[in-house]
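Enquirer: Chains as they are written, first to last, in this note's numbering: chain A, 118 to 584; chain P, 555 to 833. Heads up, the beta-carbon is just placed ideally off N, CA and C, and yes, glycines get one too.
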Amino acid sequence: MAKINLNRQPMPKQSLESRKNNFDEVALGYTPEQALEEASRCLQCPKPPCVTGCPVGIDIPDFIKALREHDMPEATHILKRKNSLPGICGRVCPQESQCEKSCVLTKKGAPVAIGRLERYVADWERSHPELVRKQGPHIDHHGKKIAIVGSGPAGLSCSAQLAQMGYEVTIFEALHSAGGVLTYGIPSFRLPKDIVQGEIDYVKSLGVEIQLDQVIGKISTVDDILKNGYAAVFLAPGAGAPMFLDIPGENLNGIYSANEFLTRINLMKAYLFPEYDTPIKTGNRVAVIGGGNVAMDAARCTARLGAEKVYIIYRRSRTEMPARQEERENAEEEGVIFTLLTNPKRFIGDDHGKLTAIELYKMKLGEPDDTGRRRPITIPESEFTIDIDTAIVALGTKPNPLIPSSTTGLDLTRWGTVKTDAATGKTSKNSVWCGGDMATGAATVISAMGAGKIAATSIDSYLKNTG
Amino acid sequence: MSYRIIAKENLTQDIHLLRVEAPAMANKAQAGQFTMVRSDEKGERIPITIADWDKQEGSITIVFMEVGATTKKLARLNVGDTLLNFAGPLGRPTEIKFFGTVVCVAGGFAIATIVPVARAMKQAGNKVISIMGFRTKSLVFWEDRLKEVSDNLIITTDDGSYKRKGLVTEPLEKLLEQDTINRVIAIGPTTMMKACSTTTMSFGVKTMVSLNPIMVDGTGMCGSCRVSIGGKTMFACVDGPDFDGHAVDWELLMNRQRTYLDEERESQRLLEKRLRPEF
Chain A
118 MAKINLNRQP MPKQSLESRK NNFDEVALGY TPEQALEEAS RCLQCPKPPC VTGCPVGIDI
178 PDFIKALREH DMPEATHILK RKNSLPGICG RVCPQESQCE KSCVLTKKGA PVAIGRLERY
238 VADWERSHPE LVRKQGPHID HHGKKIAIVG SGPAGLSCSA QLAQMGYEVT IFEALHSAGG
298 VLTYGIPSFR LPKDIVQGEI DYVKSLGVEI QLDQVIGKIS TVDDILKNGY AAVFLAPGAG
358 APMFLDIPGE NLNGIYSANE FLTRINLMKA YLFPEYDTPI KTGNRVAVIG GGNVAMDAAR
418 CTARLGAEKV YIIYRRSRTE MPARQEEREN AEEEGVIFTL LTNPKRFIGD DHGKLTAIEL
478 YKMKLGEPDD TGRRRPITIP ESEFTIDIDT AIVALGTKPN PLIPSSTTGL DLTRWGTVKT
538 DAATGKTSKN SVWCGGDMAT GAATVISAMG AGKIAATSID SYLKNTG
Chain P
555 MSYRIIAKEN LTQDIHLLRV EAPAMANKAQ AGQFTMVRSD EKGERIPITI ADWDKQEGSI
615 TIVFMEVGAT TKKLARLNVG DTLLNFAGPL GRPTEIKFFG TVVCVAGGFA IATIVPVARA
675 MKQAGNKVIS IMGFRTKSLV FWEDRLKEVS DNLIITTDDG SYKRKGLVTE PLEKLLEQDT
735 INRVIAIGPT TMMKACSTTT MSFGVKTMVS LNPIMVDGTG MCGSCRVSIG GKTMFACVDG
795 PDFDGHAVDW ELLMNRQRTY LDEERESQRL LEKRLRPEF
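See below:
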């Protein structure tokens with residue numbers, strides 16, 4: 118067995134000074150030397166635990182082996198066999214809780230940087246289109262049409278799979294750009310938009326048609342789609358309606374949902390106002406409420422847009438924070454102030470309805486709750502205020518009712534998500550599958566992609582059996 | 555998708571009509587619904603209420619007033635041009651059924667919005683009394699259209715230059731005093747809808763208003779359009795745009811509508827500079 122190398126290659130990053138003032142990608146990607154060095158650390162386990170840690174089951178040791186042997190077309194081919202969007206996953210997957218968590222070297226404190234290698238291969242592919250091997254020949258056209266609602270990670274991955282199986286796939290996208298959360302939600306400094314566009318173009322190159330401006334539930338219903346000759350529908354409309362705190366002052370001017378704030382920036386390019394028409398008030402003193410990746414994204418956007426003080430308001434401690442460690446570190450490096458164990462009591466405004474301050478309770482941690490995290494408890498009479506002019510509420514989303522309320526025979530859970538069989542993606546309604554946030558509540562890009570893949574397999578076997 | 559403009563009409567100097575090819579939308583549109591429109595790659599998404607639809611022709615008619623950069627850009631489009639994006643029909647349709655006597659009140663360019671509502675109310679068997687208010691005579695349009703779908707039409711101008719001098723609330727109050735009115739629909743500028751709601755409140759007549767807060771996606775995703783109805787936060791784009799005028803927090807709505815006034819002025823200044831370069 119090869120000698121164990123625990124020298125995990127660090128990710129080169131844009132310098133702190135420059136990145137604080139731009140929306141360019143922070144992580145710059147491995148150099149070829151670094152990629153080879155990192156790839157050489159893989160032990161090529163005969164029963165690789167990393168593969169079982171991957172929601173889409175990428176043959177991780179195989180692609181790393183090809184990379185090690187300088188066979189980049191083969192490495193690409195292996196990746197793409199299981200994952201149609203590696204450039205995105207290599208950047209935004211929480212590898213530390215998936216493939217890398219299962220890596221044998223994790224016990225030694227230095228798992229192979231699988232995500233960074235995935236990204237390296239995907240970026241090589243993008244810059245060498247002429248060398249990329251075409252995927253296997255398409256199976257004969259089945260002549261069956263499948264509708265996908267939503268062009269986010271679940272919709273894109275499901276479409277790519279089905280198109281490769283030979284189905285005629287149409288995606289209905291509600292917004293004016295494809296990509297879902299990859300486009301409107303994740304900022305370009307974490308996921309550059311040309312990477313997203315590249316992956317969307319790849320899916321289109323497989324023959325998938327994307328129709329924009331199609332708000333399903335309004336311009337047509339799921340029942341209409343089925344009547345119009347589609348053999349199956351995969352619902353992947355995404356995150357839905359933003360949650361607010363339900364505390365006094367929440368509708369003051371200057372308070373955004375993270376969805377609104379990020380949509381204005383990422384989709385509408387409000388940070389380039391007035392070159393672009395959509396405005397945004399980014400503020401000088403900003404409180405971002407929440408401890409997830411979306412909260413970090415919003416906080417890091419405002420820091421780039423010149424805010425003097427950016428606070429993360431989170432009711433538990435650092436240990437319970439759901440955001441990825443990498444994102445927390447980046448945020449803190451960029452000057453974001455973590456105000457932990459605090460919880461908003463109310464927002465305070467001036468006579469013109471403009472936000473001026475937030476009043477917070479101090480919190481302490483009690484016993485673990487049903488999520489396994491320690492429960493935050495309000496400390497009585499601990500209130501204090503922070504002067505702010507902007508607040509961004511990043512508490513997650515609840516399902517958008519447009520599709521459930523307009524579809525017959527679709528059973529919902531008590532949270533309003535679509536009741537879905539996790540093993541197949543099937544819903545209670547014939548010929549209708551569901552995946553991503555609409556099925557599970559807010560989750561990750563890769564779990565949505567995994568759901569898209571599972572549904573594609575299930576749709577294929579269903580359609581084969583029904584002739 | 556290609557949302558081609560098949561007809562254009564300048565209803566007044568600042569109010570324009572576009573008839574746009576959108577067969578699927580035309581097939582589903584109902585009175586009270588709106589569309590999200592974007593004119594160009596750098597443009598904003600703005601909500602515009604549907605003024606009419608034609609299933610046979612496969613078209614949607616929108617009417618808008620030049621108030622900001624986006625509407626100014628839209629006003630410069632001509633027959634044969636296309637809208638970059640056109641999504642809808644969005645929002646819940648206006649509640650249409652037999653109430654008895656319905657008063658439809660509209661101010662300014664919202665006349666275009668009230669016509670399909672009045673027509674649907676009439677078709678549902680109601681007696682429809684319409685009131686249309688304008689600032690001055692030169693802004694009057696679609697008198698014929700509203701007359702055609704109303705049993706009675708009252709026109710007011712602020713300055714008395716055409717028909718009755720005064721605000722729409724004056725004839726509205728008279729009607730409430732004289733007749734049994736079963737429902738009032740008021741669509742127009744926020745201050746006008748608020749005034750109508752205040753007027754009808756003491757008569758206890760349910761009054762539906764069509765709210766127009768700032769929107770971004772228009773599909774329930776962002777919460778920019780949140781309004782407070784009876785103390786409860788709701789999203790105008792998916793829960794509305796029609797709400798009970800007696801339950802609306804008007805001050806909050808007006809505050810939120812003012813959020814980007816400075817930016818709107820800046821956008822317009824730049825647009826005008828682009829359109830009229832100095833020599």
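So with Cβ pairs under 9 Å, would you call ASN766 (chain P) a contact of chain A?
Expert: No - not a single Cβ of chain A is within 9 Å of the one on ASN766 (chain P).
Enquirer: Under 9 Å Cβ-Cβ, which residues of chain P neighbour HIS469 (chain A)?
Expert: The contacting residues are ASN809 and ARG812.
Enquirer: Check VAL770 (chain P) in the structure and name its three-state DSSP category.
Expert: Coil.
Enquirer: My output table needs one value for LYS719 (chain P): the three-state DSSP class, helix, strand or coil.
Expert: Of the three classes helix, strand and coil, the one that applies to LYS719 (chain P) here is strand, per DSSP.
Enquirer: To the nearest angstrom, report how far apart LYS676 (chain P) and GLY355 (chain A) are at their CA atoms.
Expert: Rounded to the nearest angstrom, the two C-alpha atoms are 40 Å apart.
Enquirer: Applying a beta-carbon distance threshold of less than 9 Å, which residues of chain A neighbour ASP771 (chain P)?
Expert: Chain A residues near ASP771 (chain P): ALA291, LEU292, TYR301, ASN376, GLU377, THR380 and LEU384.
Enquirer: Could you tell me whether the Cβ atoms of ASP796 (chain P) and VAL763 (chain P) are closer together than 9 Å?
Expert: Cβ atoms of ASP796 (chain P) and VAL763 (chain P): closer than 9 Å.
Enquirer: Name the chain P residues whose beta carbon is nearer than 8 Å to that of LEU519 (chain A)?
Expert: In chain order: THR773, GLY774 and VAL792.
Enquirer: Please return the same chain residues whose Cβ sits closer than 6 Å to the Cβ of ALA565 (chain A), not counting the five positions on each side in sequence.
Expert: Only PRO270, ALA271 and GLY553 meet the Cβ criterion.
Enquirer: Taking any Cβ of chain A, which residues in the region 592 to 610 of chain P have a Cβ under 8 Å from it, in chain order?
Expert: For the region 592 to 610 of chain P, which is checked against every Cβ of chain A, the residues closer than 8 Å are ARG592, LYS596, GLY597, GLU598 and ARG599.
Enquirer: Checking contacts by CB at 9 Å: is ASP363 (chain A) closer than that to chain P?
Expert: Cβ-Cβ to chain P under 9 Å: yes for ASP363 (chain A).
Enquirer: Can you find a CB in chain A that lies within less than 9 Å of the CB of SER821 (chain P)?
Expert: For SER821 (chain P), the answer is yes, since a Cβ of chain A falls inside 9 Å of its Cβ.
Enquirer: How close, in whole Å, do the beta carbons of GLY371 (chain A) and ILE465 (chain A) come, if the pair is a contact with beta carbons under 8 Å?
Expert: The Cβ separation is near 11 Å, so there is no contact.
Enquirer: Counting contacts by CB-CB distance shorter than 9 Å, is LEU369 (chain A) in contact with chain P?
Expert: It does; some Cβ of chain P falls within 9 Å.
Enquirer: To the nearest angstrom, how far is it from the Cα of ILE430 (chain A) to the Cα of ALA277 (chain A)?
Expert: One C-alpha to the other measures close to 39 Å.
Enquirer: Assign LYS344 (chain A) to buried or exposed, taking buried as 16 or more other Cβ atoms, counted over all protein chains shown, within 10 Å of its Cβ.
Expert: With fewer than 16 Cβ atoms within 10 Å of its Cβ, LYS344 (chain A) is classed as exposed.
Enquirer: Use the C-beta contact count for ARG433 (chain A): other C-beta atoms within 10 angstroms, 16 or more gives buried, fewer gives exposed.
Expert: Classification of ARG433 (chain A): buried, given that the 10 Å Cβ count is 16 or more.
Enquirer: According to DSSP, GLN328 (chain A) sits in a beta bridge with which residue or residues?
Expert: GLN328 (chain A) is bridged to A:PHE289.
Enquirer: For a contact meaning CB atoms closer than 9 Å, what does ALA629 (chain P) contact in chain A?
Expert: Per Cβ cutoff of 9 Å: no residues; ALA629 (chain P) is ~15 Å from chain A at best.
Enquirer: If I'm right that LEU362 (chain A) touches ILE406 (chain A) with Cβ under 8 Å, what's the distance once you round it to whole angstroms?
Expert: Going by Cβ atoms, the distance from LEU362 (chain A) to ILE406 (chain A) rounds to 7 Å, so yes, they are a contact pair.
Enquirer: In its own chain, which residues sit with a C-beta less than 7 Å from the C-beta of ALA560 (chain A), not counting the 5 before and 5 after it?
Expert: Same-chain partners within the cutoff: ASP554.
Enquirer: Using a cut-off of 7 Å between C-beta atoms, extract the partners of ARG780 (chain P) located in chain A.
Expert: Under the 7 Å cutoff, chain A gives ASN368.
Enquirer: So, do the region 182 to 198 of chain A and the region 154 to 163 of chain A have three or more beta carbon pairs nearer to each other than 8 Å?
Expert: Result yes; three or more Cβ-Cβ pairs closer than 8 Å.
Enquirer: Considering only DSSP beta bridges, list what ALA660 (chain P) is partnered with.
Expert: Paired residue(s): P:MET686 and P:ILE741.
Enquirer: Using a Cβ-Cβ cutoff of less than 6 Å, which residues in the same chain neighbour THR456 (chain A) once the five nearest sequence positions on both sides are dropped?
Expert: Around THR456 (chain A): TYR428 and ILE430.
Enquirer: Give me the residue from A:HIS259, A:ILE571 and A:CYS216 with the minimum Cα distance to ILE177 (chain A).
Expert: ILE177 (chain A) has its Cα closest to that of A:CYS216, out of A:HIS259, A:ILE571 and A:CYS216.
Enquirer: Starting from TYR557 (chain P) and walking both ways along the beta strand (DSSP E), at which residues does that stretch end?
Expert: It spans 557 to 564 - the beta strand (DSSP E) in which TYR557 (chain P) sits, taken as one unbroken run.
Enquirer: Please look up how many angstroms separate the CB atoms of GLN126 (chain A) and GLN151 (chain A), rounded, as I've assumed it's under 8 Å.
Expert: With 8 Å as the limit, GLN126 (chain A) and GLN151 (chain A) qualify as a contact, their Cβ atoms being about 5 Å apart.
Enquirer: Checking contacts by CB at 9 Å: is ARG321 (chain A) closer than that to chain P?
Expert: Note on residue identity: the sequence assigns Lys, not Arg, to residue 321 (chain A). Answer no: the Cβ-Cβ gap between LYS321 (chain A) and chain P never drops below 9 Å.
Enquirer: Please give me, in chain order, every unbroken run of the beta strand (DSSP E) with length at least 3 that falls completely inside the region 626 to 658 of chain P.
Expert: Counting only runs of 3 or more, we get 639 to 644.
Enquirer: Quick test of your reading: VAL759 (chain P) and VAL703 (chain P), contact by CB under 8 Å. State the CB separation rounded to the nearest angstrom.
Expert: Wrong, their Cβ atoms sit about 21 Å apart, outside the cutoff.
Enquirer: For the alpha helix (DSSP H) containing GLY466 (chain A), list its first residue and its last residue.
Expert: No alpha helix (DSSP H) holds GLY466 (chain A); the beta strand (DSSP E) holding it covers 459 to 466.
Enquirer: Give me, in chain order, the residues of the same chain whose beta-carbon lies closer than 6 Å to that of PRO203 (chain A); leave out the 5 immediate sequence neighbours on both sides.
Expert: So the qualifying residues of the chain are LEU196, GLU235 and ALA239.
Enquirer: Please give me, in chain order, every unbroken run of the alpha helix (DSSP H) with length at least 4 that falls completely inside the region 747 to 801 of chain P.
Expert: Segments of the alpha helix (DSSP H) lying fully in the region 747 to 801 of chain P: 790 to 793.
Enquirer: Which chain A residues are close to LEU644 (chain P), counting only those with a beta carbon under 8 Å from its beta carbon?
Expert: The contacting residues are VAL332 and LYS335.
Enquirer: State yes or no: is the beta carbon of LEU829 (chain P) nearer than 9 Å to at least one beta carbon in chain A?
Expert: No, because no Cβ of chain A sits closer than 9 Å to the Cβ of LEU829 (chain P).
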